[in-house]
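Asks: For the sequence shown, our numbering gives the first residue as 655, with consecutive numbering after it. Can you keep this structure in mind? I'll have questions shortly.
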Amino acid sequence: EVMEAVKAGRIHGVLGIGIPEKIGRWLESNDVPTVAFAGYGNYTDHGNHAVTFDNTPLVTTGVPLLAGQGCRRIGIWTAFGYHLGAQDTGEKDRLVARFETTLAESGLPFDPGLVREARHLSPMPDGKRVETFWEQGYRTANAVFAGPPASQPDGIICNSELMVQGALIAMEKRGIRIREDVKVVGHANIGSRILSPWENDIVRIANDPAEMACVMLAQLEARMRGEFPEPRQRMLSPRVFS
């Protein structure tokens with residue numbers, strides 16, 4: 655139905671969340687202005703207009719905060735979400751590289767064993783390797799804290815709000831005290847209550863979905879007027895709640 659509407663000229667613009675590559679290229683070929691968030695639309699090689707959030711403050715702000723609170727074994731956990739249809743843009747590799755650099759700037763060593771990208775998880779009974787972000791957090795925390803104490807982190811940075819929630823629940827079930835035994839810096843979304851039970855115990859690096867929507871709409875309106883606003887890739891900065 656949507657494809658027919660595009661072909662008939664009844665759709666004059668698209669706000670796309672997590673657009674797969676096939677759909678993105680099809681919209682381009684039909685001259686439909688598109689502004690995207692996540693998925694294929696966020697790739698920089700095709701020149702599409704897109705809005706994304708800057709994840710680097712998770713490490714550039716998170717590492718110094720944790721180091722200042724006495725953490726010496728800081729780990730980074732990233733969610734694995736390529737089952738959503740997005741290809742690997744290398745964003746997580748860049749985030750981990752920035753993490754390593756920021757650790758060095760804070761006088762702390764980089765331990766590859768403290769990097770968890772959810773790929774380490776065993777297959778589920780039904781054979782599926784990729785789980786929801788919540789499940790990834792829950793099982794990652796259990797995998798990490800089932801190991802010897804010397805291998806465990808005293809500070810954790812995590813790039814997914816849902817993964818943070820799953821990890822926090824798993825840690826609490828294991829008797830780990832958040833803030834006392836391990837400190838956490840996690841991604842969050844302004845207006846979401848997912849992490850509200852722990853908002854006084856963790857640092858949240860929070861994105862603003864309302865800001866994202868406003869910027870996307872402004873870009874799309876300009877595109878529908880025949881304009882090409884620059885920069886085409888808008889990166890929004892998060893806010894820190896500690």
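For glycine and all other residues, C-beta sits at the position ideal for the given N, C-alpha and C.
1) With DSSP as the reference, label Arg879 as helix, strand or coil.
2) Output the residue ranges of the beta strand (DSSP E) runs that lie fully inside the region 802–827 and measure 3 residues or longer, sorted by chain position.
3) When you compare each of Gly880, Arg847, Val838 to Ile728 by their alpha carbons, which one comes out closest?
4) Would you mind reading off the limits of the alpha helix (DSSP H) that contains Arg679?
5) If you reduce the DSSP assignment to three classes, tell me which class Ala842 lands in.
6) Could you check whether Phe799 and Arg828 sit closer than 7 Å to each other, using their CB atoms as the reference points?
7) Helix, strand or coil for Arg752 per DSSP?
8) At the level of alpha carbons, what is the spacing between Ile823 and Phe882?
9) Select from Ile671, Arg726, Phe753, Phe764 the residue whose C-alpha is nearest the C-alpha of Pro711.
10) Taking only three categories from DSSP, how would you classify Gln887?
11) Using 10 angstroms around the beta-carbon of His737, count the other beta-carbons present and answer buried if the total reaches 16, otherwise exposed.
12) Would you kindly report the start and end of the unbroken beta strand (DSSP E) that includes Val894?
13) Just the C-alpha distance for Glu865 and Ala804, rounded to the nearest angstrom, thanks.
14) With distances taken from CA atoms, which of Ile671, Pro674, Ala690, Ile665 is nearest Asn684?
15) Could you check whether Val857 and Leu719 sit closer than 7 Å to each other, using their CB atoms as the reference points?
16) In the DSSP assignment, find the unbroken alpha helix (DSSP H) run with Thr714 in it and report its ends.
17) Along the alpha helix (DSSP H) that carries Phe787, what are the first and last residues, could you check?
18) What is the DSSP secondary structure of Leu762, reduced to helix, strand or coil?
19) Determine whether the beta carbon atoms of Phe787 and Ala733 lie at a separation below 7 Å.
Replies: Taking the coordinates as given:
1) Here Arg879 sits in coil by DSSP.
2) Runs found: 809–812.
3) Ranked by Cα distance from Ile728, the options Gly880, Arg847, Val838 are led by Val838.
4) Taken as a continuous stretch (DSSP letters only), the alpha helix (DSSP H) holding Arg679 covers 675–683.
5) Ala842 sits in a strand when the DSSP states are folded into three classes.
6) Cβ atoms of Arg828 and Phe799: closer than 7 Å.
7) Residue state, collapsed to three classes: helix.
8) Cα to Cα, the separation comes out at about 46 Å.
9) Among Ile671, Arg726, Phe753, Phe764, the Cα nearest to that of Pro711 is on Phe753.
10) Taken through DSSP and simplified to helix, strand or coil, Gln887 comes out as strand.
11) Because His737 sits at a pLDDT of 44, beneath the cut-off of 50, its placement in the model cannot be relied upon, and the following sentence gives the value as read from the coordinates. Result: exposed.
12) Taken as a continuous stretch (DSSP letters only), the beta strand (DSSP E) holding Val894 covers 893–895.
13) Rounded to the nearest angstrom, the gap between the Cα atoms of Glu865 and Ala804 is 42 Å.
14) Comparing Cα-Cα distances from Asn684 to each of Ile671, Pro674, Ala690, Ile665, the minimum goes to Ile665.
15) Yes, they are a contact pair.
16) Its alpha helix (DSSP H) spans residues 711–714.
17) Note, Phe787: alpha helix (DSSP H), 787–799.
18) Coil at Leu762, not helix or strand.
19) Yes.
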